[in-house]
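One line per chain: the protein sequences are A and V, in this order.
In this text, residue positions in the first sequence follow this note's numbering: the first is 1, and each later residue adds one.
In this text, residue positions in the second sequence follow this note's numbering: the first is 1, and each later residue adds one.
For every residue, glycine included, the Cβ atom is placed at its ideal position computed from N, Cα and C.
Report on one structure; see the data block that follows.
There are 2 protein chains.
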Amino acid sequence: MNKRPTIRDVAAMAGVSVATVSRVLSGDYPVANATRTKVQRAVRELDYVVNAHARALSGSTSNVVALVMYDVVTPFFAFIASGVEYQATESDRLCLVCTTHGDPDRELEIVKLMREQHADAVILVGGVNMTDDYRERMYRYAKGLEDAGSRLVLCGRPSLGPDFPAITVEYDNAGGAYSATSHLLSSGHRRIAMLGGPIGNTTFDARLDGYRRALEAFRVAVDPALIVHGDMSQESGFRQVQRLLSSGVAFTAIFAANDFVAAGAMRALRAAGKSVPGDVSVIGYDDTPFAPELTPALTSVHVPHEQLGRTAVKLALQRGEGSARQHVMLGTHIAMRDSVRPLI
Amino acid sequence: MNKRPTIRDVAAMAGVSVATVSRVLSGDYPVANATRTKVQRAVRELDYVVNAHARALSGSTSNVVALVMYDVVTPFFAFIASGVEYQATESDRLCLVCTTHGDPDRELEIVKLMREQHADAVILVGGVNMTDDYRERMYRYAKGLEDAGSRLVLCGRPSLGPDFPAITVEYDNAGGAYSATSHLLSSGHRRIAMLGGPIGNTTFDARLDGYRRALEAFRVAVDPALIVHGDMSQESGFRQVQRLLSSGVAFTAIFAANDFVAAGAMRALRAAGKSVPGDVSVIGYDDTPFAPELTPALTSVHVPHEQLGRTAVKLALQRGEGSARQHVMLGTHIAMRDSVRPLI
DNA sequence: ACGCGTAGGGTAAACGCTTTCTAGAATCGT
DNA sequence: ACGATTCTAGAAAGCGTTTACCCTACGCGT
C-alpha cells in the first residue's frame, strides 16, 4: 500500500513548483502549454487526486450540501432526496444525507456537524411541530450556519417569516388538500371522512386545513366525527377506518393524509366488504409510485417532490444580494385514477 | 455576520494555549478540571465548533462513509441506504450519498471524489454487468481507494474473489429465487413464467439461475418460451405479461424479477380478466413495503436490505488483520401472502 | 535604445487543527 | 529533605492546498 501522493510529489516529478501544479489543476491561471503537459503527465503517472480537506481548508468552500430528513425510505423524503442529489451533482456538489427520525436532539447534533463541515447548504426537509421551541431552535441554527457561511433551507415546511435568514421552498400543501376535497365534493360526496396525520405537524395540519376550507366553500358543515388522527402508516389507515366503520358514522368518501394511510384504508374497507369506489371513494396524498398499482388505482394529490429538492439546492447555491431569504411555493395537482366515483 | 471563531479565539478567551483547547475537545489527554471548565465556557460563549477539514487534514480520518448506488428512490436501494445511514450514525460517521443511474463514467468520477474526500469507506451497491471491463475498473478503484486509506465494499453484488482487496456483503439472491420457485412448484405449479430483468445483470441473472435450479431439482423442463426479459419497472411487468398472454403459452404461475414487475404483471392479468391467484399465482422479489397492499397481497422474497447496509458499514469500519477482504452472505426468506394458490 | 505591460512561474504565508516534544510544578517514596 | 515520578500545559512542527506577492524575460510602442 503506497502512501498517497501529494502535490509536492507531482511538482517534483514534473520538475515545477507546487504553485504551478495547483494552477494547472484549477486552470484559472495562464500556464505554458509545455508545462501543463508535463504536469498532467505526472498527475496521471502518480494517479494523484487532490486532498479535498486541504483544499477546503485553504479555499474555504467545501462543495457539500447537507440534507436532513426524517428518514430515507419514505417515498416523500426519498423523492425530495433524489431531487437534491440530482441538482447537487449538476452543481458539482457532494450530498451528505442525515436522518433525525423526529429526534430534535439528533437534529441539533446534525446541524452542529454541518457547521463543522462548512456545508454550502443545509436543507431541512418535511413537516414539523411549529412550537416556540422550534422557532428558537431554528433561529439558533440559522445564526450558527450563517456564521459558518452556510445557507439554511426549509423544504416542505412553512417559512418563518420574510426576515428569517433562511430560504423556504414549499409546496401548496393546503391547496392540494383543498383540490382533493373539492374533487370529492363536486362528485357529489358530502360525508367525507378525513384520515389525518399526527396533530400539530405542519404538513398534516395544512392538509386538514385544506379539507376544512373546501367543505366550507361548498357550504358543507364540518363534522368532527368524520375527522380522525393517527400516524402516517398503512396500519394507522387500516385501524382508523375500522374504528370509523364500527362507530357507525356514515361516510361515502375518504380523504387520507397520504397514500400509505389510503392503502390501509382501502384494505380495511375491503375487509369490511365495502367496495372502492363502489361504496366508498378514496383519495390519497403524495402520489406515491405504488398508487397506480393499488386496486383500484388510487387517485392522489401529486406533489413535485423532486422539483422541491432541486429548487432547494438551486436557490441555496445562488449567491448575491437577498439570495439568503427567498420563499418559493410550488404547485400541486390531482392525479386522477379509479378510486373516486361520482355519487349517483 | 461574525466570522466563525477558531481554536485560537477559544484559547485566547480561556487564557490557555491552543493545544490545551484541542485536548479538552478531544478528551483523550489529562487536563486539570479548572482548565477544562474555562475552556468549555469559552467554547460555549463563542459558539465554537471545530473545522472538520482542518481536523481531517491534521488527523487524516474524515469520518465519512460514501454510498454509491443506482438511485435513491427504488426501495431496494433506499432500504440499503437506510441501513448504511443508521450504522454510520451509530459509528459517528457522516454519510455521503451518490447516484450513478448506471453510468460507469459517473461511477468513476464518484470514486475519484471519494478518494479526494478520504472517505473511510466506499460502498458500491447493487447488481452490475460482470464484464472484464468491470473487473478492471474495480481493480483500479480498489487500488486507488486503498492508497487513500479507504475501504471498498461491494454490497449486493458478487465478490471478485478472496484475493481482491474489497469487502463483500451479499444476500442469497439465487437462494431466494430457488425458494420462491420451489414454493410454486410444491404448490403444484409446473408452468411457471419467469419475468426476468435485464440480461447480464448479476442480480437478475442470479434470480433466473435460482429459478432454473429449482425447476431442475423438481425435474421440470425449463421452457425458454416461459422466460422473458425486461427492465425492472411496473410497465415492463405489464407488457411482458401482455406479450406472454397473446403469445398463447400456457402458464399457471409467475415469478417476477421484483415487486414492481410483479405489480405490473398483476395489473396485466387483471386487465385480461385473469384472477390472481385464482387463475395465476404470482410471486415477487424484494418484499417492498407496498407488497402487502396490493390486491391480492403479494407473496415475495424478503431481502434483509437494512442489514446489508449495516453490515457493510460495520465490516468496513472494523480495522485489524484481514479485515479488508471479508465476505459475508445474508439469508433471504419468503414472505407468504395471498398471491399464491396451490394448483388443485 | 528604453521603459513598460504581460505571460510564466517560483516563494512563502496562510488555512485551523493535532500531536510530539519539552519543561515547570506538584507529588511521592525513603 | 531531596531526587524521581507524575501531572499539566505550552511551543512548534506538520497536514496538503491555495494564493498573494515577487521576479524574470520578452514583445512592443516611441
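For the alpha helix (DSSP H) holding V:H229, just list the boundary residues, first then last. Here residue 229 of chain V corresponds to residue number 229 of the second sequence, with the count starting at 1. Looking at the DSSP string, V:H229 is not in any alpha helix (DSSP H); the run it does join, the beta strand (DSSP E), is 227-229.
4-residue-minimum alpha helix (DSSP H) runs that sit fully inside the segment 216-268 of chain A, ordered along the chain: 234-247
Please report the residue range of the alpha helix (DSSP H) in which A:S22 lies. The sequence position of residue 22 of chain A within the first sequence is 22, counting from 1. Element bounds for A:S22: 18-26.
Taking only three categories from DSSP, how would you classify V:R151? On the second sequence, residue 151 of chain V is found 151 positions in, with the first residue counted as 1. Of the three classes helix, strand and coil, the one that applies to V:R151 here is strand, per DSSP.
Less than 8 angstroms between CB atoms is the rule here; does A:E85 satisfy it with respect to chain V? On the first sequence, position 85 is the one that residue 85 of chain A refers to. Yes, because at least one Cβ of chain V sits closer than 8 angstroms to the Cβ of A:E85.
Measure from the C-beta of V:K112 to each C-beta in chain A and report whether the shortest distance is under 8 angstroms. Locating residue 112 of chain V in the second sequence gives position 112, counting from the first residue. Under the 8 angstroms criterion on CB atoms, V:K112 is classed as interfacial with respect to chain A.
Mind checking who V:H302 pairs with in its DSSP beta bridge? Position 302 of the second sequence, counted from the start, is the residue given in the question as residue 302 of chain V. V:D286, V:H333, per the DSSP bridge assignment.
Cutoff 6 angstroms; reference A:V222; Cβ partners in own chain excluding five residues on either side: Translated into the one-based positions of the first sequence, residue 222 of chain A becomes position 222. Excluding positions up to five away in sequence, the list reads R212, L215.
Give, in chain order, every unbroken run of the beta strand (DSSP E) that is at least 3 residues long and sits entirely within the segment 109-135 of chain V. Listed in chain order, the beta strand (DSSP E) runs fully inside the segment 109-135 of chain V are 121-125, counting runs of at least 3 residues.
Candidates A:V153, A:P5, A:G59, A:S82, of which the one nearest A:R44 by Cα: Translated into positions along the first sequence, residue 44 of chain A becomes position 44. Residue A:P5 holds the alpha-carbon nearest to the alpha-carbon of A:R44 among A:V153, A:P5, A:G59, A:S82.
Could you tell me whether the Cβ atoms of V:V125 and V:V68 are closer together than 8 angstroms? The residue given as residue 125 of chain V occupies position 125 in the second sequence. The residue given as residue 68 of chain V occupies position 68 in the second sequence. Closer than 8 angstroms, so yes.
Assigned secondary structure, A:A66 (DSSP; H/G/I helix, E/B strand, else coil): Stepping through the first sequence from its first residue, residue 66 of chain A is reached at position 66. In the structure shown, A:A66 sits in a strand (DSSP, three-state: E or B).
Cut-off 8 angstroms between Cβ atoms - residues of its own chain near A:A88, not counting five sequence neighbours on either side: For the purposes of this step, residue 88 of chain A is taken as residue 88 along the first sequence, with counting starting at 1. Same-chain partners within the cutoff: V65, L94, C95, V313.
Return the CA-CA distance between A:V10 and A:Y48, expressed in angstroms with no decimal places. One-based indexing of the first sequence puts residue 10 of chain A at position 10. One-based indexing of the first sequence puts residue 48 of chain A at position 48. As the crow flies, the alpha-carbon of A:V10 is around 8 angstroms from that of A:Y48.
Thinking C-beta only, is V:G176 closer than 8 angstroms to V:T332? Along the second sequence, read from residue 1 onward, the residue named residue 332 of chain V stands at position 332. Along the second sequence, read from residue 1 onward, the residue named residue 176 of chain V stands at position 176. Contact: yes.
In the DSSP assignment, find the unbroken beta strand (DSSP E) run with V:G196 in it and report its ends. Here residue 196 of chain V refers to the residue found at position 196 of the second sequence. 192-196 is the extent of the beta strand (DSSP E) around V:G196.
Run the CB neighbour count on V:K3, radius 10 Å, all protein chains shown included, and call it buried at 16 or more, exposed below. Start at 1 with the first residue of the second sequence, and residue 3 of chain V comes out as number 3. By the 10 Å Cβ count, V:K3 comes out exposed.
For V:L57 and chain A, any beta-carbon pair shorter than 8 angstroms? The residue you call residue 57 of chain V lines up with position 57 of the second sequence. Yes, V:L57 counts as interfacial toward chain A.
Interface residues of chain A around V:H118 at Cβ under 8 angstroms? Translated into positions along the second sequence, residue 118 of chain V becomes position 118. Against V:H118, the close residues of chain A are N51, A52, H53, in the order they occur along the chain (beta-carbon pairs closer than 8 angstroms).
Taking the beta carbon of V:E90 as the centre, do at least 16 other beta carbons fall within 10 Å, making it buried, or is it exposed? Position 90 of the second sequence holds residue 90 of chain V. Residue environment: V:E90 is assigned as exposed (fewer than 16 neighbouring CB atoms within 10 Å of its CB, all protein chains considered).
Reducing DSSP to helix, strand and coil, say where A:S281 ends up. Locating residue 281 of chain A in the first sequence gives position 281, where the first residue counts as 1. Strand, per DSSP.
Can you tell me whether V:R219 is buried or exposed? The criterion is at least 16 other CB atoms within 10 Å of its CB, across all chains shown. As a working note, residue 219 of chain V is residue 219 in the second sequence. It counts as exposed.
Ordered along the chain, which non-local residues of its own chain (more than five positions away) have a Cβ less than 6 angstroms from that of A:H229? Mapped onto the first sequence, residue 229 of chain A falls at position 229. Same-chain partners within the cutoff: G196, I199.
Could you please give the first and the last residue of the uninterrupted alpha helix (DSSP H) stretch that includes V:L57? On the second sequence, position 57 is the one that residue 57 of chain V refers to. V:L57 -> alpha helix (DSSP H) spans 52-59.
Roughly how far, in whole angstroms, is the beta-carbon of A:I167 from the beta-carbon of A:R325, given that I think they are within contact range, below 8 angstroms? Taking the first sequence and counting its residues from 1, the one referred to as residue 167 of chain A is at position 167. Taking the first sequence and counting its residues from 1, the one referred to as residue 325 of chain A is at position 325. Contact holds; Cβ gap of about 7 angstroms.
Could you list which residues in chain A have their beta carbon closer than 9 angstroms to that of V:A166, in chain order? For the purposes of this step, residue 166 of chain V is taken as the residue at position 166 of the second sequence. Near V:A166 there are no residues of chain A at all, since even the closest Cβ is about 14 angstroms away, more than 9 angstroms.
Establish whether the CB of A:V21 and some CB of chain V are separated by less than 8 angstroms. As a first step, residue 21 of chain A must be located in the first sequence, where it is residue number 21. No, because no Cβ of chain V sits closer than 8 angstroms to the Cβ of A:V21.
From A:C98, A:Y86, A:R243, residue whose alpha carbon lies closest to that of V:V84: The sequence position of residue 84 of chain V within the second sequence is 84, counting from 1. Here the closest residue by C-alpha is A:C98.
Listed from N- to C-terminal order along the chain, which residues in the segment 203-237 of chain V have their beta-carbon within a distance smaller than 8 angstroms of any beta-carbon of chain A? From the segment 203-237 of chain V, only Q234 have a Cβ closer than 8 angstroms to chain A.
Do V:R157 and V:A121 have their beta-carbon atoms positioned less than 8 angstroms apart in this structure? As a position in the second sequence, residue 121 of chain V is number 121, starting the count at 1. As a position in the second sequence, residue 157 of chain V is number 157, starting the count at 1. Not a contact, by the Cβ cut-off of 8 angstroms.
Kindly list the residues whose CB is nearer than 8 angstroms to the CB of V:Y86, restricted to its own chain and excluding five residues on each side of it in sequence; keep chain order. If you number the second sequence from 1, residue 86 of chain V lands on position 86. Cβ neighbours of V:Y86 beyond the five flanking positions: E306, G309, R310.
Measuring alpha carbon to alpha carbon, tell me which residue in A:R135, A:D279, A:F255 is nearest A:I334. Within the first sequence, the letter at position 334 stands for residue 334 of chain A. With distances taken between Cα atoms, A:I334 lies closest to A:F255.
Between the segment 26-45 of chain V and the segment 175-191 of chain A, do at least 3 Cβ pairs fall closer than 8 angstroms? no
If we define contact as Cβ-Cβ less than 8 angstroms, is A:S300 a contact residue for chain V? The count along the first sequence starts at 1 and reaches residue 300 of chain A at position 300. It does not; no Cβ of chain V falls within 8 angstroms.
Proximal chain A residues relative to V:G27, where beta-carbon distance stays under 7 angstroms: Numbered from its first residue, the second sequence carries residue 27 of chain V at position 27. Going along chain A, no residue has its Cβ under 7 angstroms from V:G27, so there is no contact; the nearest lies around 16 angstroms.
DSSP has V:V84 in a bridge; who is on the other side? Along the second sequence, read from residue 1 onward, the residue named residue 84 of chain V stands at position 84. For V:V84, which the question treats as bridged, DSSP gives no partner whatsoever.
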